[in-house]
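K.L.:
Protein chains in written order, with our numbering: chain L, 2 to 207; chain E, 2 to 207; chain D, 2 to 207. Let me give you the structure first, and then I'll get to my questions.
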Amino acid sequence: MRLRLTPRDTTYFDLFTELAGHVVTGVGLLAELLGADKAERKSISARFVEAEHAADEATHAITKRLNQTFVTPFDRDDIYGLANALDDVVDSMEEACDLIVLYKLEELPKRVSEVIQVLQRCAELTAEAMPKLRTMETLNGYWVEIHRLENQADKLHRKLVAELFDNTTDAVTLIKLKEVVDILEEACDGFERVATMVETIALKES
Amino acid sequence: MRLRLTPRDTTYFDLFTELAGHVVTGVGLLAELLGADKAERKSISARFVEAEHAADEATHAITKRLNQTFVTPFDRDDIYGLANALDDVVDSMEEACDLIVLYKLEELPKRVSEVIQVLQRCAELTAEAMPKLRTMETLNGYWVEIHRLENQADKLHRKLVAELFDNTTDAVTLIKLKEVVDILEEACDGFERVATMVETIALKES
Amino acid sequence: MRLRLTPRDTTYFDLFTELAGHVVTGVGLLAELLGADKAERKSISARFVEAEHAADEATHAITKRLNQTFVTPFDRDDIYGLANALDDVVDSMEEACDLIVLYKLEELPKRVSEVIQVLQRCAELTAEAMPKLRTMETLNGYWVEIHRLENQADKLHRKLVAELFDNTTDAVTLIKLKEVVDILEEACDGFERVATMVETIALKES
Numbered sequence: 002m003r004l005r006l007t008p009r010d011t012t013y014f015d016l017f018t019e020l021a022g023h024v025v026t027g028v029g030l031l032a033e034l035l036g037a038d039k040a041e042r043k044s045i046s047a048r049f050v051e052a053e054h055a056a057d058e059a060t061h062a063i064t065k066r067l068n069q070t071f072v073t074p075f076d077r078d079d080i081y082g083l084a085n086a087l088d089d090v091v092d093s094m095e096e097a098c099d100l101i102v103l104y105k106l107e108e109l110p111k112r113v114s115e116v117i118q119v120l121q122r123c124a125e126l127t128a129e130a131m132p133k134l135r136t137m138e139t140l141n142g143y144w145v146e147i148h149r150l151e152n153q154a155d156k157l158h159r160k161l162v163a164e165l166f167d168n169t170t171d172a173v174t175l176i177k178l179k180e181v182v183d184i185l186e187e188a189c190d191g192f193e194r195v196a197t198m199v200e201t202i203a204l205k206e207s
Numbered sequence: 002m003r004l005r006l007t008p009r010d011t012t013y014f015d016l017f018t019e020l021a022g023h024v025v026t027g028v029g030l031l032a033e034l035l036g037a038d039k040a041e042r043k044s045i046s047a048r049f050v051e052a053e054h055a056a057d058e059a060t061h062a063i064t065k066r067l068n069q070t071f072v073t074p075f076d077r078d079d080i081y082g083l084a085n086a087l088d089d090v091v092d093s094m095e096e097a098c099d100l101i102v103l104y105k106l107e108e109l110p111k112r113v114s115e116v117i118q119v120l121q122r123c124a125e126l127t128a129e130a131m132p133k134l135r136t137m138e139t140l141n142g143y144w145v146e147i148h149r150l151e152n153q154a155d156k157l158h159r160k161l162v163a164e165l166f167d168n169t170t171d172a173v174t175l176i177k178l179k180e181v182v183d184i185l186e187e188a189c190d191g192f193e194r195v196a197t198m199v200e201t202i203a204l205k206e207s
Numbered sequence: 002m003r004l005r006l007t008p009r010d011t012t013y014f015d016l017f018t019e020l021a022g023h024v025v026t027g028v029g030l031l032a033e034l035l036g037a038d039k040a041e042r043k044s045i046s047a048r049f050v051e052a053e054h055a056a057d058e059a060t061h062a063i064t065k066r067l068n069q070t071f072v073t074p075f076d077r078d079d080i081y082g083l084a085n086a087l088d089d090v091v092d093s094m095e096e097a098c099d100l101i102v103l104y105k106l107e108e109l110p111k112r113v114s115e116v117i118q119v120l121q122r123c124a125e126l127t128a129e130a131m132p133k134l135r136t137m138e139t140l141n142g143y144w145v146e147i148h149r150l151e152n153q154a155d156k157l158h159r160k161l162v163a164e165l166f167d168n169t170t171d172a173v174t175l176i177k178l179k180e181v182v183d184i185l186e187e188a189c190d191g192f193e194r195v196a197t198m199v200e201t202i203a204l205k206e207s
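Structure below.
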């Protein structure tokens, strides 16, 4: 790492850490949703909408800061890209949450909870990585693990889809379930995009 | 706003205004399509293909100009991003138009016309905003209103999808209708992306 | 073309040529898949996974090089964009291949092989274009032809989808087939994005 002779703007790190916190909140709500009854589901979904708004505001704060300041700790495009990648993960998970409620999917295939466990692990690793952007140390393990998890999620997703087609006799239910599991897979891909942005930033700094 | 000591290239503003004009044409054709009979539908769809080609050409003219000139009125990436965001809106609407004809969807749910009314309002606001890029004045109201409309469209879309699943007994018809309403929602999101690009440009200039 | 007074990094050209080679391999495997029996299908799909990993590694090599070197033969963003556009084509085709096996789609509509022929032509043209990035000569014919092929693929795709809805009585089969043909269309769009990146690079150099 290069020696820094000038103090660097630290607010971006705080905002990224905040954003990653909303990701962790979101995946926690998804996990809660799986075991919830009908009455609880609505309140969980409402709490997710709040988390999503908070993530939107943090992302917007990053963009605004970016457009109004000249010196940034990393390339502007990478800051913008990382913020949007984190926000996209929240959006995907909120959409999954909303659809489960909207489609009245009372019983989800067992493997869905396995996918959500992978998402939880991804969210935790991402939240731990954000404050480390300041020093760039020990980030290597993070993205190796995210790529491994994304790979695992991808295999889980393919099995899940095959099982859906084998076990679901009603086409309308199939359409609903497939949309939900596809969006969960999108969220996993989103964590990989976040890790790729972090890797890009780290490589430029090394 | 900063004082401009040098004349700036104005052609981009004209090309953006032209592009936004094709967006307005497109949404008008979508509205026409809803009330049209079978014979008219084909000619409306053909006129949309023409509007889409014209939008492609305007976008291409912007990209070409961008790659061959050194001085641009805003950041190159933002010009490129705005042109593509506008073009994407036209593409989404053309796809919706084409699918309605291709799928022979003679009767669309009532709420679809509400969604198209929101799209029309978005298109008008966008067309009014483009010439204002020259001076950056009074753009604040534009994007606040677009975000409000996108929010409204999102709620409409979720209601529409829930109603589709409740009221459509035939799975094949459901697949067709869902694809059309999802693409209309994509078009709404597209207007928000256009507004975000405009906001980015305005923030940098302020 | 401008005179080059300094030697330029040639490794990017080699990596792009390698990446395009994986695209050609992929589309060849897709063509093989169409005529294959059940036992062969699994091995073809496994070979595609290998090709996709190789493409990932080539893309990663480009990104890494890009982040660690200062002088690049073209704009960094364009190199990054071109690498990712090529990688996306491989990913789309691998997904199509995987779904055909996963969904046990033993008989595909005849027109699918016409789409794959268009993809093969696109892949060959792309592979021929990559080494020409070095001199920028004779690239005009390439992208004109890709745009023509994408247009042709788009028309084929719309016909294919209309026929699917007309001829498929089982909704579940329809869902499977539609997903496969939509992803093949995505791959065609991907070739157009590659050509657009090449055009962008060529325009800046001219």
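Cβ atoms here follow ideal geometry from the backbone N, Cα and C, with glycine treated the same way.
Report the residue from L:Val182, L:Arg149, L:Leu157, L:Arg122 whose alpha carbon sits nearest the alpha carbon of Ala21 (chain L).
P.N.:
Looking at the Cα atoms, L:Arg122 is the closest of the given residues.
K.L.:
Output yes if chain D places a C-beta closer than 8 Å to the C-beta of Val173 (chain E); else output no.
P.N.:
Yes - at least one Cβ of chain D is within 8 Å of the one on Val173 (chain E).
K.L.:
Rounded to whole angstroms, what is the Cα-Cα separation between Tyr81 (chain D) and Met198 (chain L)?
P.N.:
Those two C-alpha atoms are separated by around 13 Å.
K.L.:
State yes or no: is the C-beta of Val195 (chain D) within less than 8 Å of the C-beta of Leu87 (chain D)?
P.N.:
Their beta carbons are under 8 Å apart, which means Val195 (chain D) touches Leu87 (chain D) by this criterion.
K.L.:
Looking only at its own chain, which residues have a Cβ that is under 7 Å from the Cβ of Arg77 (chain L), when we skip the five neighbours before and after it?
P.N.:
For Arg77 (chain L), where only same-chain residues beyond five positions count, the Cβ hits under 7 Å are Leu67.
K.L.:
So which residues on chain D does Ala162 (chain L) lean against when the C-beta distance must stay under 8 Å?
P.N.:
The question names Ala, but residue 162 (chain L) in the sequence shown is Val. Leu103, listed in chain order.
K.L.:
Can you tell me whether DSSP reads Leu4 (chain E) as helix, strand or coil?
P.N.:
Confidence in Leu4 (chain E) is poor, its pLDDT being 47 and thus under 50, which makes the residue's placement too unreliable to answer from.
K.L.:
For Ile176 (chain D) and Asp15 (chain E), I'd like the C-alpha separation in whole angstroms.
P.N.:
Using only the alpha carbons, I get a separation of about 44 Å.
K.L.:
Thinking C-alpha only, which one of L:Cys189, L:Val173, L:Gln153, L:Val145 is nearest Asp212 (chain E)?
P.N.:
It is not possible to answer for residue 212 (chain E), since the shown part of chain E is limited to 2 through 207.
K.L.:
Do Leu165 (chain E) and Val119 (chain E) count as a contact pair if the criterion is CB distance below 8 Å?
P.N.:
Against a cut-off of 8 Å, the Cβ pair of Leu165 (chain E) and Val119 (chain E) comes out as no contact.
K.L.:
Under DSSP, the alpha helix (DSSP H) around Phe192 (chain E) begins and ends at which residues?
P.N.:
Per DSSP, Phe192 (chain E) belongs to the alpha helix (DSSP H) from 172–206.
K.L.:
Could you tell me how far apart the beta carbons of Met137 (chain E) and Glu206 (chain E) are, in whole angstroms, since I believe they sit closer than 8 Å?
P.N.:
That pair is a contact at about 5 Å.
K.L.:
Determine the DSSP secondary structure at Leu134 (chain E), reduced to helix, strand or coil.
P.N.:
Coil at Leu134 (chain E), not helix or strand.
K.L.:
Quick check on DSSP: helix, strand or coil for Asp92 (chain E)?
P.N.:
Asp92 (chain E) falls in the helix class under three-state DSSP.
K.L.:
Using CA atoms only, rank isn't needed, just tell me which of E:Asp89, E:Leu34, E:Tyr104, E:Gly36 is closest to Lys160 (chain D).
P.N.:
Minimum Cα distance to Lys160 (chain D) is reached at E:Tyr104.
K.L.:
Can you check whether the CB of Trp144 (chain E) is closer than 8 Å to the CB of Glu180 (chain E)?
P.N.:
Taking 8 Å as the Cβ cut-off, Glu180 (chain E) and Trp144 (chain E) do not qualify as a contacting pair.
K.L.:
If we ignore side chains and look at the alpha-carbon of each, how far apart do Phe192 (chain L) and Thr70 (chain D) end up?
P.N.:
Those two C-alpha atoms are separated by around 27 Å.
K.L.:
Could you name the residues of the same chain whose beta carbon sits closer than 8 Å to that of Leu157 (chain E), not counting the 5 residues immediately before and after it, in chain order?
P.N.:
Once the five neighbours on either side are set aside, the close Cβ partners of Leu157 (chain E) are Arg112, Glu115, Val116, Val119.
K.L.:
Using a C-beta to C-beta distance shorter than 9 Å, which residues of chain L count as neighbours of Thr64 (chain D)?
P.N.:
Ordered by position in chain L, the residues that pass the 9 Å Cβ test against Thr64 (chain D) are Thr197, Glu200, Thr201, Leu204.
K.L.:
Below 9 Å between beta carbons is the criterion; list the residues of the region 85–109 of chain L that meet it against any residue of chain E, in chain order.
P.N.:
Going along the region 85–109 of chain L in chain order, one finds Asp99, Leu100, Leu103, Tyr104, Lys105 with a Cβ nearer than 9 Å to chain E.
K.L.:
For Glu108 (chain D), count neighbouring C-beta atoms within 10 Å of its own C-beta (all shown protein chains included) and say buried if the count is 16 or more, exposed if not.
P.N.:
Glu108 (chain D) comes out exposed.
K.L.:
Taking Cβ-Cβ distances below 8 Å as the criterion, which residues of the region 139–168 of chain L are in contact with chain D?
P.N.:
Answer set for the region 139–168 of chain L: Arg159, Val162, Ala163, Phe166.
K.L.:
Tell me which same chain residues have a C-beta within less than 8 Å of the C-beta of Ala52 (chain L), skipping the five on either side of it?
P.N.:
For Ala52 (chain L), where only same-chain residues beyond five positions count, the Cβ hits under 8 Å are His23, Thr26, Gly27, Leu30, Val91, Glu95.
K.L.:
Can you round the beta-carbon distance between Leu100 (chain L) and Ile184 (chain L) to whole angstroms, since I take them to be within the 8 Å contact cut?
P.N.:
Leu100 (chain L) to Ile184 (chain L), Cβ: 7 Å. Contact.
K.L.:
Note the first and the last residue of the continuous alpha helix (DSSP H) segment covering Tyr143 (chain L).
P.N.:
Unbroken alpha helix (DSSP H) run through Tyr143 (chain L): 141–168.
K.L.:
Mind listing the chain E neighbours of Ile176 (chain L)? Cutoff is C-beta to C-beta under 9 Å, in chain order.
P.N.:
Chain E residues near Ile176 (chain L): Phe166, Ala172, Leu175, Ile176, Lys179.
K.L.:
Which chain D residues are close to Gln69 (chain E), counting only those with a beta carbon under 7 Å from its beta carbon?
P.N.:
Neighbours of Gln69 (chain E) on chain D, chain order: Leu204.
K.L.:
By the 10 Å Cβ neighbour count, where 16 or more other Cβ atoms means buried, how is Thr7 (chain D) classified, buried or exposed?
P.N.:
No answer about Thr7 (chain D) holds up, because its pLDDT of 47 lies below 50 and its placement is not dependable.
K.L.:
Going by the beta-carbon positions, is the gap between Leu134 (chain L) and Phe17 (chain L) smaller than 8 Å?
P.N.:
Contact flag set, yes.
K.L.:
Using a Cβ-Cβ cutoff of less than 7 Å, which residues in the same chain neighbour Tyr146 (chain E) once the five nearest sequence positions on both sides are dropped?
P.N.:
First, the amino acid is wrong: residue 146 (chain E) is Glu here, not Tyr. The answer, listed in chain order, is Leu126.
K.L.:
Could you tell me the alpha carbon to alpha carbon distance between Leu4 (chain D) and Leu204 (chain D), rounded to whole angstroms?
P.N.:
For Leu4 (chain D), the predicted structure reports a pLDDT of 46, less than 50, and the residue's modelled location is therefore unreliable. A value from the coordinates is still provided. Leu4 (chain D) and Leu204 (chain D): Cα-Cα distance of roughly 15 Å.
K.L.:
Taking 8 Å as the cut-off, decide whether the C-beta atoms of Thr169 (chain D) and Leu178 (chain D) are in contact.
P.N.:
Against a cut-off of 8 Å, the Cβ pair of Leu178 (chain D) and Thr169 (chain D) comes out as a contact.
K.L.:
Taking C-alpha atoms, which residue in D:Val102, D:Leu140, D:Val162, D:Ala128 lies nearest to Glu46 (chain D)?
P.N.:
With the sequence shown as reference, residue 46 (chain D) is identified as Ser, and Glu is not the correct amino acid for it. It is D:Val102 whose Cα lies nearest to the Cα of Ser46 (chain D).
K.L.:
Taking 8 Å as the threshold (C-beta atoms), are Leu34 (chain D) and Arg42 (chain D) in contact?
P.N.:
Taking 8 Å as the Cβ cut-off, Arg42 (chain D) and Leu34 (chain D) qualify as a contacting pair.
K.L.:
Hey, out of L:Leu106, L:Pro110, L:Asp57, whose CA is closest to Lys39 (chain L)'s CA?
P.N.:
Residue L:Leu106 is the option with its Cα nearest to Lys39 (chain L).
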